[in-house]
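Accompanying notes for the structure given below.
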Amino acid sequence: MKILIIEDEKPAARRLAQLILEKLPGAQILLNLDTVSGSVDWFNKNPQPDLIFLDIQLADGISFEVFEKVKVTAPIIFCTAYDQYAIKAFKLNSIDYLLKPIDPEELGQALDKFQAGRKEPAISLEQIKNLLQPAAKTFKNRFLVKIGERIQTVDIADVAFFFSEDKVTLLQTKQGKKYIIDYTLDEVDDMVSPELFFRLNRKYISSIGAIKDVFTYSNSRLKIHLEHCNDNDILISRERMGSFKDWLGQ
599 MKILIIEDEK
609 PAARRLAQLI
619 LEKLPGAQIL
629 LNLDTVSGSV
639 DWFNKNPQPD
649 LIFLDIQLAD
659 GISFEVFEKV
669 KVTAPIIFCT
679 AYDQYAIKAF
689 KLNSIDYLLK
699 PIDPEELGQA
709 LDKFQAGRKE
719 PAISLEQIKN
729 LLQPAAKTFK
739 NRFLVKIGER
749 IQTVDIADVA
759 FFFSEDKVTL
769 LQTKQGKKYI
779 IDYTLDEVDD
789 MVSPELFFRL
799 NRKYISSIGA
809 IKDVFTYSNS
819 RLKIHLEHCN
829 DNDILISRER
839 MGSFKDWLGQ
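Using our numbering, you'd call the opening residue of the sequence shown number 599 and step up by one each time.
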């Protein structure tokens, strides 16, 4: 059996080759390729191997670029350092993978699957790429608020700011109305778009439209006045000043 390793970390490649030979003493390790360009050149000049161990990040790019330039028909076992979310996606789509650092037992299981004749799934290169892309984060478009026995929604475009008071989180609209919401301020901070809202301090998250005035304050801090807000002592620390100014000017 001829096995090709495509891995840009030489110690990792040597260890992988050693582990493969321990599991398959009769295997022939062709060589280790560590770049996209070198891999393309090799596939153009050589017949397909029986099996490929493929790292995703190579010295000069992403290994998927190889498949865009040459046809690869050999079965592939991915070697990846991607996080568990990506790994779950690989598993759900029946793509064989090894998570770095490679575990000998998992390597053995992957080789057993290959030797048992398990076919590669009918999945396109584009689909594989998509599995490795972090999902685009979505943000809330509206919040549910309770008014007596009635529940209604407040569109995010109508929110001036969020704030905490007496261990309760409130939403204040641009019309000056206040509503209690069932989230902590930390949870809200993760739910709203960072382009539209900024965490001023532990107590306030403000929309860009609610910023009324910005003043320099002692110890290189900033003081903020918000629309429809009676709290005139909203301070931004020195640590947040740079990101706050970037947010204001973006």
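Each residue gets a CB set at the ideal place from its N, CA and C atoms; glycine is no exception.
Helix, strand or coil for I700? Go by DSSP, reduced to three states. The sequence position of residue 700 within the sequence shown is 102, counting from 1. Coil.
Whole angstroms is fine: what's the gap from S637's alpha carbon to Y695's? For the purposes of this step, residue 637 is identified with residue 39 of the sequence shown, where counting begins at 1. For the purposes of this step, residue 695 is identified with residue 97 of the sequence shown, where counting begins at 1. Those two C-alpha atoms are separated by around 20 Å.
On a Cα-Cα basis, can you pick out the residue from P645, K821, I675, F759 that is closest to I806? For this step, residue 806 is matched to residue 208 along the sequence shown. Nearest of P645, K821, I675, F759 to I806, Cα basis: F759.
Is the beta carbon of L768 less than 8 Å from the beta carbon of I754? In the sequence shown, counting from the first residue as 1, residue 768 sits at position 170. In the sequence shown, counting from the first residue as 1, residue 754 sits at position 156. No, they are not a contact pair.
W845 versus E793: straight-line alpha-carbon distance, rounded: Within the sequence shown, residue 845 is the residue found at index 247, counting from 1. Within the sequence shown, residue 793 is the residue found at index 195, counting from 1. Between W845 and E793, the C-alpha separation is close to 7 Å.
For L649 and E605, what's the separation of their Cα atoms in angstroms? As a position in the sequence shown, residue 649 is number 51, starting the count at 1. As a position in the sequence shown, residue 605 is number 7, starting the count at 1. One Cα belongs to L649, the other to E605, and the distance between them is close to 14 Å.
Beta-carbon within less than 8 Å of K711's beta-carbon, same chain only, minus the 5 sequence neighbours each way: which residues are those? On the sequence shown, residue 711 is found 113 positions in, with the first residue counted as 1. D694, listed in sequence order.
Compute the beta-carbon to beta-carbon distance between I603 and A611, rounded to the nearest angstrom, for a pair I have assumed lies under 8 Å. Along the sequence shown, read from residue 1 onward, the residue named residue 603 stands at position 5. Along the sequence shown, read from residue 1 onward, the residue named residue 611 stands at position 13. With 8 Å as the limit, I603 and A611 qualify as a contact, their Cβ atoms being about 5 Å apart.
I need the DSSP call for K621, collapsed to helix, strand or coil. For the purposes of this step, residue 621 is taken as the residue at position 23 of the sequence shown. Note: K621 maps to helix in three-state DSSP.
Residues bridged to S805 [DSSP beta-bridge criterion]: Walking along the sequence shown from the start, residue 805 turns up at place 207. As computed with DSSP, S805 is found in a beta bridge with F795.
Beta-bridge pairing of G659 - partner residues as DSSP gives them: Position 61 of the sequence shown holds residue 659. Bridge partners of G659: L656.
Three-state secondary structure (DSSP) of R819: Along the sequence shown, one-based indexing puts residue 819 at 221. In this structure, R819 counts as strand in the three-state DSSP scheme.
Comparing C-alpha positions only, which one of V790, L833, D784 sits nearest to R740? What you label residue 740 is simply residue 142 of the sequence shown in a count that begins at 1. In terms of Cα proximity to R740, the closest of V790, L833, D784 is V790.
Is the separation between the beta-carbon of D632 and that of A657 shorter than 8 Å? Indexing the sequence shown from 1 puts residue 632 at position 34. Indexing the sequence shown from 1 puts residue 657 at position 59. Their beta carbons are under 8 Å apart, which means D632 touches A657 by this criterion.
Three or more C-beta pairs closer than 8 Å, one from the region 669–676 and one from the region 616–626: is that the case here? no
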